[in-house]
Every structure is written in structure tokens, then in C-alpha cells.
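Asker: This is the structure I want to talk about, given as C-alpha cells.
Residue numbers (this note's numbering): 102 to 190.
Right under this line is the structure:
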């Protein structure tokens, strides 16, 4: 039986790419923090955002654009915005 092709969405892929770059930028800034305790606090807080991004990326890679894609993106964006509002980076 042939494997079902996943549905692609160029606009969603751009949003996914932007999300990836945002995560990479924040991680780079966190790694640049000299104080180890502060760095750990930031990493602990940002791990939830990274987890949601990974969930979003894996879902799109495995299933393509689907009914849950926008919800995954919204969850990631909300977590990212919350992190930005609570932590100055």
C-alpha cells in the first residue's frame, strides 16, 4: 500500500522557518549570558518554548499541514510571547 503524501503549505513553511530562526536567536542570546545561574534560569524558562517548536516542526514533517497545524503554531507563539514578556533578552 502506498504511503499517503503529506499536504504542504508554503505560507505555513515560512512561519515555521521564522519560528526556527527566533528560537535559534534566543538560544544564542541565552548561551551568551555569563552568569551561569541566570543562564540556567533562562534555559529552564525557554525549554517549554523549544518543546512547543519541536512539536510543531515534527507534526508538520510527519503529517504535513493539517487541522492541528495552526493550533500548534498558536501554542508556540503564545509561549514565545510569554517568555519575551517575562524575560528581558
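Glycine included, C-beta positions come from ideal geometry on N, C-alpha and C.
If I follow the unbroken alpha helix (DSSP H) through residue 155, where does it start and stop?
Answerer: Run containing residue 155: 137-164, per the alpha helix (DSSP H) assignment.
Asker: Tell me the rounded alpha-carbon separation between residue 137 and residue 112.
Answerer: So the alpha carbons of these two residues sit roughly 39 Å apart.
Asker: Given residue 169, which residues of its chain have a CB within under 7 Å of its CB, disregarding the five upstream and five downstream residues?
Answerer: Cβ neighbours of residue 169 beyond the five flanking positions: 160.
Asker: Using 8 Å as the Cβ pair cut-off and three pairs as the minimum, do the segment 129-136 and the segment 162-179 touch?
Answerer: With the cut-off at 8 Å, the segment 129-136 and the segment 162-179 do not touch.
Asker: Can we count residue 114 as close to the ligand ADP, meaning its CB is less than 7 Å from some heavy atom?
Answerer: Absent from the structure shown: the ligand ADP. Ligands present: none.
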